[in-house]
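Line by line, the protein sequences are chains A and B.
Each residue of the first sequence is one higher than the one before, starting from 7 at the first, in the numbering used here.
Each residue of the second sequence is one higher than the one before, starting from 282 at the first, in the numbering used here.
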Amino acid sequence: MSFRTLKRLSSAGAAGLLVLASAGCLLAQNSGVKNSIPSVSDSWPTFNGDTSGRRYSTLTQIDKDNVKSLKLAWAYQTHDVMLKSTPLEIDGILYFTVPDHVWALDAKTGEKVWEFRRISHGDHLGQRGVAFYKGRIYFGTADAHLICLDARNGKQIWDVEIADVKLGYYISVAPLVVKGQIVLGTSGDSSDVPHFIEALNWETGKVIWRTDTLPKPGTPAAKTWPNDRVMSRGGAPAWITGTYDPELNLIYWGTGNPHPVLAGVVRPGDNLYTCAILALNPDTGAIVWYFQPSPHDTHDWDAVETPVLFDANFNGNPRKLLAQASRNGYFFVLDRTTGEHLLTSQFVPTNWAKGVDAAGRPVPDPAMDPQPDGALVEGSEGGGTNWMSPSWDPETGLFYVNASNGYTLWYLELGPHNLPLNHEGGYSVHLLDKSVLLALDYRTGKVAWERKEGKGMNFSGILTTAGHLLFTGDSSGNLLALDPSNGDVLWHTRLGGPMDPAPITYQLDGTQYVVAGVDGVMYAWSLSGSL
Amino acid sequence: MSALFLCLGFFLAASIRAHAQTPEHAKTNPMAAPDVQRGQALFQQSCSLCHGVGATGGAGPNLLQSGLLLNRKYFGDELSLVIQGGRPDRGMPAFPMLSADNISDIVAFLYARVEVTSSESSSSADSALKHLLTGNAAAGKRYFYGEGKCATCHSPAGDLAGIAKKYPSDELQAMFLYPRDNKVTATVLLPSGEKIKGTLLHHDAFYVAIRDEDGWYRSWPLQDVKVQVADPLSEHEELLHSYKNKDVHDVFSYLETLK
């Protein structure tokens, strides 16, 4: 998920026109199917709030009628780089990060409780947040270590190396706590290395299991590569925190692109388990099933976007579902018990694939692969969506995602003997990007409503609440509270910078707060304003 | 007969160019440095069995894609330590027999290899053009005046005169598809009936801002005004929807003739 090195900067200047599409949609009402994974309420204890990835809070104090009275409660100036982490809120304390840095704040006042700083060498592209378990904070670093801190004071308890930074690994994910294990995966897309997901003992940091995201040589999945040597060039990093279903005893985690990134000619085949959604047994790490949104990827179409878990009717039957709006521009719905494919649809226009096969996987069009003289492909350089967190609202039954439309030129670069000269094996030049917030009907993949934001990128994540609200940022620097059933703006404020992470919400001493990181500042809003 | 002459003429020109470039090329060839030459010899003795003669991999990994080499600014001298101490956990032995000077030469060789291969990849303008120039200039010209309607706004003798000389070829390809510099203008109609024209600076769901014709910044809430936006690139955006890749390469080949 190296957000592709931009060889050309986006055309600066005026933002485009906003068009609010008619919302004459039939809401995909979720007629009484109870979600077996409970939604988050008073606190926000994990990256996605709960383990479902829905980012839907049951809090109702702030609702669609009173949201227009929202006031700033506090702001905390980090004087650091742009915030890209989702904060956690546990027992009145907020925990959030940037690379090399963790803060703990009073969640009611924004007062700093402690900070932890550890300078490291390695990739500082992004740090998505920490995990909390039994009074401890778990923090992944740019040099691919996992640090365990005492949540009371930020003192380091231990520091273990997850992977060798010299090979190009680092940790961007907020770890996921599953059965007392700290589960995380490796990030990095600067060198030809294999990646993995692993579970560590919460107390000691010792590895309990480790699952390579590439098949073992000699297995049937390894036959999706020309040979073991080509396969060993690796790929399949685990950039974004996965989700977990305790009843089914399965962890769901997406993987990224194969290597070399753009030069698919040297690795014919599907290249498992790159650009795939893996269902893992949390006790052993074994891959129970997998689904590959982008077989034989040649456009950096990581399938790492949050695999969102919800229970709802599908074709008249209640089912345990998994939905992903994938970077390749396609929306997938699977049965999360078995991995059975239920739906594939395009959520943004793109033409890299020439169709969808019987298994529900897009079939790459070789003419749209990167070419020596350039291939013009419809679709944003960074994909139909990227790291920004989506949300699923059980009341509307709609799946919300900040998406991108556009056009990109993709180039293949091969050297002597038709081998890629470097890890990329080519490059891309983005021509045009337009951002749009989409509400998708999970039953059909059709757009129920959309909010077009014009030219530019929007990396904000999304929060929905039982107060019948959807919070997100737009590409023009606004925080929005929208009606999740039709996209109507109920409240907005200018942020003074881009909101990269998703907003969160929690309730303390009878007051509900909405919190969002904007550039280097953490902001909190409530109905009453400051204490 | 005439074809033969043309061919001869081409070869002559090509050989003159190659000649003229040779001395300069040798001067800047990083592989020619003495430490790199020594390092290359040492690498063949000690390392090539696993990493290949050109360090592009064999039983061992391709070193030219190693994070350690590519992220030199992060890792500094770490590479030397790895060569000396090996990576026992990954099957790479230590090389205690190599002196510090030997290792420094091997490191110089590896960095030179990275430099050479990456300069091969970005290559000279000529080589980039060779890869890109796959279209039919005549067909591109037809598209320019026909289906593409490019001549509505552009002219080879006017704004596009010498365009191929102004921009590197890969930039020109992206540029003609969707130019980088764009001045969107807006006309804002005030409740008083006054119309104010300017360069559009901001236009979201809530307010509009322009730089007016006197150079002053002005903004209004959207509920108070009507806004008309003129984006000169809207035609380019329309074309993006309709181009086939052949059109892209044909038009590019035509534009490359406008020297």
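Positions of the beta carbon are idealized from the N, C-alpha and C atoms, including for glycine.
Neighbourhood of Asp480 (chain A) in chain B, by CB distance below 8 Å: Asp485, Ala486, in chain order. For the region 478-502 of chain A, the residues whose beta carbon sits under 9 Å from a beta carbon of chain B are, in order, Asp480, Ser481, Ser482, Gly483, Asn484, Leu486, Val495, His498, Arg500.
Taking the Cα positions, Lys458 (chain A) is about 55 Å away from Ile387 (chain B).
At least one CB atom of chain A sits nearer than 8 Å to the CB of Gly348 (chain B). Contact note: Val529 (chain B) reaches chain A through Asp379, Gly380, Ala381, Leu382, Leu415, using a C-beta cutoff of 9 Å and chain order. For the pair of segments examined, the region 84-95 of chain A was found not to touch the region 261-280 of chain A: the number of CB pairs separated by less than 8 Å stays below three. Not a single C-beta of chain A is nearer than 8 Å to the C-beta of Gln326 (chain B).
If one requires a minimum length of 3 residues, the beta strand (DSSP E) runs lying completely within the region 119-184 of chain A are 137-139, 142-146, 151-156, 162-167, 182-184, in chain order. For Ser329 (chain B), the enclosing alpha helix (DSSP H) has its first and last residue at 329-332. Taking 8 Å as the threshold, the shortest C-beta distance from Ser196 (chain A) to chain B falls below it. At a cut-off of 8 Å between beta carbons, Asn343 (chain B) contacts chain A. Interface criterion not met: the Cβ of Glu428 (chain B) is under 8 Å from no Cβ in chain A. Per DSSP, reduced to three states, the secondary structure at Ala322 (chain B) is helical. For Ile125 (chain A), the number of other beta carbons within 10 angstroms of its own is below 16, and it is reported as exposed. A direct Cα-Cα distance of roughly 26 Å separates Ser450 (chain B) from Asn411 (chain A).
When only Cα atoms are considered, Ser441 (chain A) and Arg134 (chain A) end up about 22 Å apart. In terms of beta-carbon proximity, Leu437 (chain A) lines the interface with chain B, with at least one pair separated by less than 8 Å. For Gln318 (chain B), the closest C-alpha among the options B:Leu360, B:Ala389, B:Ala336 is that of B:Ala389. In this structure, Tyr433 (chain A) sits near Glu419 (chain A), with a CB-CB distance shorter than 8 Å. At least one CB of chain A lies nearer than 8 Å to the CB of Asn526 (chain B).
Per DSSP, the continuous alpha helix (DSSP H) segment holding Gln454 (chain B) begins and ends at 450-458. Of all residues in the region 211-229 of chain A, none is placed with a Cβ closer than 7 Å to any Cβ belonging to chain B.
Interface annotation, Glu516 (chain B): not in contact with chain A, CB-CB separation never under 8 Å. Taken through DSSP and simplified to helix, strand or coil, Ser515 (chain B) comes out as helix. Residue pairing by DSSP leaves Ala445 (chain B) without any beta bridge partner. Glu456 (chain A) counts as buried, since at least 16 other C-beta atoms from the protein chains shown sit within 10 angstroms of its C-beta. Where Gly421 (chain B) is concerned, the enclosing alpha helix (DSSP H) starts and stops at 418-426. Assigned with DSSP and collapsed to three states, Gly270 (chain A) falls in helix. Leu349 (chain A) and Tyr392 (chain B) have their alpha carbons spaced roughly 49 Å apart. Within chain B, the residues placing a beta-carbon under 9 Å from that of Ala373 (chain A) are Asn526, ordered along the chain.
Comparing alpha carbon positions, the residue from A:Thr247, A:Val236, A:Tyr101 closest to Glu121 (chain A) is A:Tyr101. About 7 Å separates the Cβ atoms of Tyr448 (chain A) and Ala318 (chain A), confirming a contact at the 8 Å cut-off. Of all alpha-carbon atoms in A:Asp371, A:Glu95, A:Ser178, the one lying nearest the alpha-carbon of Ile153 (chain A) is that of A:Ser178. Interface criterion not met: the Cβ of Gly270 (chain A) is under 8 Å from no Cβ in chain B. Of all C-beta pairs linking the region 322-331 of chain B to the region 373-381 of chain B, three or more are shorter than 8 Å, placing the two stretches in contact. Interface with chain B (8 Å Cβ-Cβ cutoff): Gly174 (chain A) is included.
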